[in-house]
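**Q**
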Amino acid sequence: MSQSMFSNSRKVSSLSKWRDYSMAEAASFVTKNGTIIVCAVSQPYLPFLNNWLISITRQKHQEKVLVIAEDYATLHKGFFNFTSRRPRHLLQILELGYSVMYNDVDMVWFGDPFCYLEGNHDVYFSDDMAAVKPLNHPHDLPPPGKKGRTYIYAVA
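Numbers in this note's numbering are just positions in the sequence shown, counted from 1, shifted up by 1112.
1. Quick one: what does DSSP say V1220 is sitting in, helix, strand or coil?
2. Rounded to whole angstroms, what's the CA-CA distance from A1185 to E1230? Just pull it up for me.
3. Under 8 Å by Cβ, that's how I've got S1154 and E1182 pegged, so tell me the actual separation to the nearest angstrom.
4. State buried or exposed for T1143, treating a residue as buried only when at least 16 other CB atoms are found within 10 Å of its CB.
5. Per DSSP, A1152 forms a beta bridge with which residues?
6. Using 8 Å as the Cβ pair cut-off and three pairs as the minimum, do the segment 1215-1228 and the segment 1160-1177 touch?
7. Comparing C-alpha positions only, which one of E1137, S1134, N1232, Y1236 sits nearest to N1215?
8. I1149: buried (16+ other C-beta within 10 angstroms of its C-beta) or exposed?
9. Counting only the same chain and skipping the five closest in sequence on each side, list residues whose C-beta sits under 7 Å from that of F1160.
10. Please confirm whether I1166 and V1220 have their CB atoms less than 9 Å apart.
11. Quick one: using the 10 Å Cβ neighbour count with 16 as the cut-off for buried, is L1178 buried or exposed?
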């Protein structure tokens, strides 16, 4: 292979192309059957990203994945700005007419979750609280947190 293939000018050109993508273009590239699996990742979570992608690939859903890179070197003040942008990203995708499953990258798929997302509902939430609930527990939504996955169905 030619050394020029790996030159800095080519790298810069490639990076600028990624920056030029709009959310609509990126979403249309990855959608399969109107569904997009989204994660947003910052530098501290990059080691988890590969493992998460492997688990999704095992379930044959890798072509639906949209990774939003929001890089912060540390989880301090900027982390809250990072997490507050997630709903905006999800809303943009929903407004484009796609269904969205949001995943944190510090989890893995042991099975295909889509078989649990059947029916005609607008929103699905998972509750990963460890406590066993009694049969008559209220079905209130869990308090907001940074764990779990959310699936939002686009209603036409």
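For glycine and all other residues, C-beta sits at the position ideal for the given N, C-alpha and C.
All of these numbers come straight from a predicted model, not from anything done at the bench.
**A** Looking at the coordinates:
1. coil
2. Because the pLDDT at A1185 is just 49, under 50, the model does not fix this residue reliably, and the value given afterwards should be weighed accordingly. The alpha-carbon atoms of A1185 and E1230 are separated by roughly 39 Å.
3. 6 Å
4. buried
5. I1180
6. yes
7. Y1236
8. buried
9. V1217, D1218
10. yes
11. buried
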